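Reviewing the structure listed below.
There are 2 protein chains.
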Amino acid sequence: MARTPNIGAVARAAGVSVGTVSNALNSPERLAPETLERVLDTIDELGYIRSSAGRTLIRNASDGLSLIVPDLDNSLFVDIARGAQLTAAAAGRRLVMANSGFSSRDLVAGAAPHDTQDEFLGYFAEARSGGMLVCAMRDPTSGIDRIRNHVRPIVVVNYDAPGADWCTVLMDNAQVGRIAVDHIADLGITQAFYVSIPDVVQPAAERRTGMREAAARRGVTVTEVDAAALTASVGSDITTGLVGALADRARRGERTALLFLADDLAIGAIPVLRAHPDLQIPDDVVVMGMDGDHRPTGNDWMTMTSIELPGYEMGAEAVRLISAESDPDHAHEREVLPVRIRPGATTTGR
Amino acid sequence: MARTPNIGAVARAAGVSVGTVSNALNSPERLAPETLERVLDTIDELGYIRSSAGRTLIRNASDGLSLIVPDLDNSLFVDIARGAQLTAAAAGRRLVMANSGFSSRDLVAGAAPHDTQDEFLGYFAEARSGGMLVCAMRDPTSGIDRIRNHVRPIVVVNYDAPGADWCTVLMDNAQVGRIAVDHIADLGITQAFYVSIPDVVQPAAERRTGMREAAARRGVTVTEVDAAALTASVGSDITTGLVGALADRARRGERTALLFLADDLAIGAIPVLRAHPDLQIPDDVVVMGMDGDHRPTGNDWMTMTSIELPGYEMGAEAVRLISAESDPDHAHEREVLPVRIRPGATTTGR
DNA sequence: CTGAAAGCGCTTACAG
DNA sequence: CTGAAAGCGCTTACAG
Numbered sequence: 001m002a003r004t005p006n007i008g009a010v011a012r013a014a015g016v017s018v019g020t021v022s023n024a025l026n027s028p029e030r031l032a033p034e035t036l037e038r039v040l041d042t043i044d045e046l047g048y049i050r051s052s053a054g055r056t057l058i059r060n061a062s063d064g065l066s067l068i069v070p071d072l073d074n075s076l077f078v079d080i081a082r083g084a085q086l087t088a089a090a091a092g093r094r095l096v097m098a099n100s101g102f103s104s105r106d107l108v109a110g111a112a113p114h115d116t117q118d119e120f121l122g123y124f125a126e127a128r129s130g131g132m133l134v135c136a137m138r139d140p141t142s143g144i145d146r147i148r149n150h151v152r153p154i155v156v157v158n159y160d161a162p163g164a165d166w167c168t169v170l171m172d173n174a175q176v177g178r179i180a181v182d183h184i185a186d187l188g189i190t191q192a193f194y195v196s197i198p199d200v201v202q203p204a205a206e207r208r209t210g211m212r213e214a215a216a217r218r219g220v221t222v223t224e225v226d227a228a229a230l231t232a233s234v235g236s237d238i239t240t241g242l243v244g245a246l247a248d249r250a251r252r253g254e255r256t257a258l259l260f261l262a263d264d265l266a267i268g269a270i271p272v273l274r275a276h277p278d279l280q281i282p283d284d285v286v287v288m289g290m291d292g293d294h295r296p297t298g299n300d301w302m303t304m305t306s307i308e309l310p311g312y313e314m315g316a317e318a319v320r321l322i323s324a325e326s327d328p329d330h331a332h333e334r335e336v337l338p339v340r341i342r343p344g345a346t347t348t349g350r
Numbered sequence: 001m002a003r004t005p006n007i008g009a010v011a012r013a014a015g016v017s018v019g020t021v022s023n024a025l026n027s028p029e030r031l032a033p034e035t036l037e038r039v040l041d042t043i044d045e046l047g048y049i050r051s052s053a054g055r056t057l058i059r060n061a062s063d064g065l066s067l068i069v070p071d072l073d074n075s076l077f078v079d080i081a082r083g084a085q086l087t088a089a090a091a092g093r094r095l096v097m098a099n100s101g102f103s104s105r106d107l108v109a110g111a112a113p114h115d116t117q118d119e120f121l122g123y124f125a126e127a128r129s130g131g132m133l134v135c136a137m138r139d140p141t142s143g144i145d146r147i148r149n150h151v152r153p154i155v156v157v158n159y160d161a162p163g164a165d166w167c168t169v170l171m172d173n174a175q176v177g178r179i180a181v182d183h184i185a186d187l188g189i190t191q192a193f194y195v196s197i198p199d200v201v202q203p204a205a206e207r208r209t210g211m212r213e214a215a216a217r218r219g220v221t222v223t224e225v226d227a228a229a230l231t232a233s234v235g236s237d238i239t240t241g242l243v244g245a246l247a248d249r250a251r252r253g254e255r256t257a258l259l260f261l262a263d264d265l266a267i268g269a270i271p272v273l274r275a276h277p278d279l280q281i282p283d284d285v286v287v288m289g290m291d292g293d294h295r296p297t298g299n300d301w302m303t304m305t306s307i308e309l310p311g312y313e314m315g316a317e318a319v320r321l322i323s324a325e326s327d328p329d330h331a332h333e334r335e336v337l338p339v340r341i342r343p344g345a346t347t348t349g350r
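Order-wise, the sequence lines are chains A and B. The first sequence maps to residues 1 to 350 in the UniProt record's numbering. The second sequence maps to residues 1 to 350 in the UniProt record's numbering.
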């Protein structure tokens with residue numbers, strides 16, 4: 001990069017010292033009005049843009065915040081990112097994001113997660129990030145321990161690490177499972193299939209725990225089914241395997257619930273059920289997902305019952321906790337945000 | 001931030017000079033194997049992490065790439081971001097993103113765009129970004145001119161600025177409009193409604209141009225309708241206003257096409273049409289969107305005909321162009337990537 | 001193969 | 001209110 005005008009060039013052109021130029025930028029109230037004006041005019045003329053590297057060197061910290069998200073195809077993380085970015089902007093801080101490319105498929109398949117979470121942790125540590133939000137789908141402890149002293153506040157979002165030495169922002173995943181069961185129990189349904197991925201994925205494990213607890217409490221019999229991925233086509237395949245049993249029950253006048261860990265799975269179930277002459281939604285089968293997609297797709301001819309996840313609030317809260325860390329007697333917090341049901345036609349009929 | 005161990009601390013502990021520690025990190029082949037090992041061990045023991053600020057100061061450039069996207073709720077930009085980030089990672093470079101919070105609603109409403117594009121341009125210029133991808137929905141020229149000399153290569157994605165002094169990566173928006181009309185003309189349809197937003201949004205303007213050209217060529221009569229936003233509910237409202245005319249035509253045995261600038265609009269049309277007893281899809285009315293959502297929602301009980309946009313390729317190509325800029329006799333390029341139709345049940349019946 | 005030294009652009013007490 | 005000077009952590013010729 002060709003050398004751009006530096007603070008010395010501005011000082012020379014304005015006939016002041018470099019310290020005065022620096023003060024014009026950082027403490028303008030210290031300058032005589034005429035001096036300030038002359039310096040600012042010179043900055044404009046020269047097209048001077050301060051390099052943040054100098055300040056970062058001195059402070060051993062930059063003032064930008066950084067956010068690592070696992071996967072932008074997941075609307076939860078898009079919501080978290082927006083909540084974080086807008087809250088940061090409102091506080092006058094910039095936030096940049098990195099996508100670590102995490103795929104829950106790896107975990108489900110038992111493969112080592114092939115993401116770049118630790119690479120980005122290192123990258124932001126070298127940049128002396130002024131605060132880091134780590135949105136994790138797997139335990140980030142080892143990666144964070146490595147950079148702990150080089151990045152000021154760290155907040156972990158969406159992963160509950162045992163013995164965490166940082167603030168954590170979570171949603172109440174057990175409540176997700178409980179609410180789903182309570183909803184169908186309220187409809188008088190006593191038999192359900194619960195389609196999820198293996199418990200190596202922490203939110204899946206916690207939702208299952210909540211689901212089982214509510215099922216026992218409400219007297220709902222639940223058959224658990226494993227999905228290999230959270231896609232509509234997997235949802236279709238699994239449902240195809242269940243229609244026989246569902247139709248048998250329907251002929252006996254019994255309703256069945258299909259509870260899917262993700263809306264994408266649930267969406268895949270719909271066409272399979274509609275294609276079956278004996279199965280009406282929601283009279284014979286009710287369907288619900290559990291990660292209500294905020295995205296404005298208005299995705300169906302029938303609205304899908306789902307659970308609204310507090311992604312935006314999680315991101316916003318994480319940024320607030322970053323700011324709270326500058327308070328000297330701050331103690332790390334573990335916040336668990338509530339979820340709520342969004343009833344739709346696939347369970348209530350409208 | 002408490003002072004972390006610096007290169008001097010490592011040098012002292014390893015009994016070498018700071019230059020040698022630097023070489024261990026940047027040119028390890030220059031060191032005697034034993035020296036190298038001793039230095040690396042010391043780095044490990046001390047938990048030393050290099051600060052990139054020093055190098056940025058010297059080079060007047062950092063090695064990270066940065067990407068500004070207008071809006072993560074738009075799947076096009078999520079695709080671009082993924083294409084860019086994976087291509088960068090494959091080339092051993094890190095890429096960070098910023099969301100400028102652009103809303104096309106502002107433009108459509110005639111309001112000044114209230115985004116943070118220029119703020120982030122300035123932020124990345126202060127960080128001496130090693131390369132910048134600017135995904136723009138409005139003309140970025142003034143913002144870029146301001147930072148032109150402080151950021152090495154700049155590539156603009158998705159905005160065709162007149163007289164651009166940089167590489168540009170575009171999709172063929174005129175082709176989007178042409179393909180849509182050709183598709184319905186191939187089905188023998190001669191009457192269509194075209195629902196778009198005003199031409200202040202550049203892609204909308206270009207698609208309209210392509211649409212008109214194809215309509216003239218194929219003898220299709222098109223009635224143009226203005227939408228205030230690209231949402232399903234706006235699509236529903238507009239369609240509600242059209243069902244009378246559509247039903248009249250259906251009773252005369254004439255098919256009509258509804259072409260929507262965005263899939264979200266088109267999705268909103270579906271339930272309105274289904275609710276009308278005289279209108280069958282696709283026998284009386286065919287429906288298509290024009291920004292095929294890559295996201296894995298499997299969004300409907302009937303697949304929506306749409307146009308596949310080359311978002312991933314645009315992001316990947318933009319990163320390749322960034323690298324190409326380091327070639328001394330590089331000339332700025334303007335690349336226009338093709339689009340293609342994805343036929344679905346809403347026009348072909350399956 | 002290794003070390004000593006200059007310098008990148010900035011901020012911050014301190015002196016005046 | 002302004003200036004002179006030290007120093008942040010690093011890289012890079014250069015000398016040996």
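All C-beta atoms, glycine included, are put in the ideal place defined by N, C-alpha and C. The structure presented is a predicted model; accordingly, all values stated were derived computationally and were not measured.
- Taking each of A:L265, A:A262, A:V285 in turn and checking the Cα distance to L273 (chain A), the smallest one comes out for A:V285.
- Chain-order list of chain B residues neighbouring N26 (chain A): empty, with the shortest C-beta distance near 13 Å, by a criterion of under 8 Å.
- For G241 (chain A), the closest Cβ of chain B is not nearer than 8 Å.
- For E224 (chain A), the enclosing beta strand (DSSP E) stretches over residues 221-226.
- Chain-order list of chain A residues neighbouring R342 (chain B): empty, with the shortest C-beta distance near 16 Å, by a criterion of under 7 Å.
- Chain B has no Cβ within less than 8 Å of the Cβ of V285 (chain A).
- Within the same chain, and ignoring the five residues on either side of V176 (chain A) in sequence, the residues whose Cβ sits closer than 6 Å to its Cβ are R207, M290, I307, V339.
- Secondary-structure assignment with DSSP links T116 (chain B) through no beta bridge to anything.
- Boundaries of the beta strand (DSSP E) around Y194 (chain A): 191-196.
- Per the DSSP secondary-structure output, R342 (chain B) pairs in a beta bridge with B:S306.
- Out of A:E126, A:S100, A:R218, A:S129, the CA that lies nearest to the CA of T116 (chain A) is found in A:S100.
- Secondary structure note for T231 (chain A): it is in no beta strand (DSSP E), with a DSSP letter that is neither H nor E.
- Under the Cβ distance rule, T42 (chain A) does not count among the residues neighbouring chain B, no pair being separated by less than 8 Å.
- Secondary structure of V96 (chain A) (DSSP, three-state): strand.
- Annotation for L265 (chain A): no beta strand (DSSP E) segment contains it, though the alpha helix (DSSP H) segment containing it runs 263-274.
- Look at the beta carbons and you see the segment 61-76 of chain B touching the segment 120-128 of chain B: at least three pairs across the two are nearer than 8 Å.
- Contact fails between the segment 210-221 of chain A and the segment 240-248 of chain A, because fewer than three Cβ pairs, one in each stretch, are under 8 Å apart.
- Straight across, the Cα-Cα distance linking E45 (chain B) with N6 (chain B) is about 13 Å.
- Annotated three-state conformation of T256 (chain A) is strand, per DSSP.
- Note on geometry: alpha-carbon atoms of V157 (chain A) and G268 (chain A) lie some 29 Å from one another.
- The C-beta distance from H183 (chain A) to T347 (chain A) rounds to 7 Å, short enough to fall under 8 Å.
- Looking at the backbone, the Cα of L259 (chain A) and that of I179 (chain A) are separated by about 11 Å.
- Its chain contains L230, G289, M290, D291 as the residues whose beta carbon lies nearer than 7 Å to that of A262 (chain A), once the 5 sequence neighbours on both sides are disregarded; these appear in chain order.
- Per DSSP, reduced to three states, the secondary structure at L242 (chain A) is helical.
- Per DSSP, R146 (chain A) is one residue of the alpha helix (DSSP H) stretching across 141-147.
- Distances from the CA of A91 (chain A) to each of A:H330, A:E333, A:I322 were compared; the closest alpha carbon is that of A:I322.
- Contact check for A9 (chain B) and L57 (chain A): beta-carbon distance about 16 Å, past the 8 Å limit, so the pair fails to qualify.
- With 16 or more other Cβ atoms from the protein chains shown falling within 10 Å of its own Cβ, T305 (chain A) counts as buried.
- Per DSSP, the continuous beta strand (DSSP E) segment holding I68 (chain B) begins and ends at 65-69.
- For the segment 67-86 of chain B, the beta-carbon criterion of a distance under 8 Å to any beta-carbon of chain A is satisfied by L72, D73, V78, A81, R82, Q85, L86.
- Straight across, the Cα-Cα distance linking I281 (chain A) with G349 (chain A) is about 7 Å.
- Chain-ordered, the chain A residues with CB closer than 8 Å to the CB of L57 (chain B) read S51, A53, G54, L57.
- For R128 (chain A), no beta strand (DSSP E) segment is defined, and its DSSP state is neither H nor E.
- E333 (chain B) does not reach chain A, its nearest Cβ partner there being about 21 Å away, counting only Cβ pairs nearer than 8 Å.
- E335 (chain A) has A:V169 as its beta-bridge partners, per DSSP.
- With contacts defined by Cβ atoms closer than 8 Å, L309 (chain B) and L133 (chain B) do not form a contacting pair.
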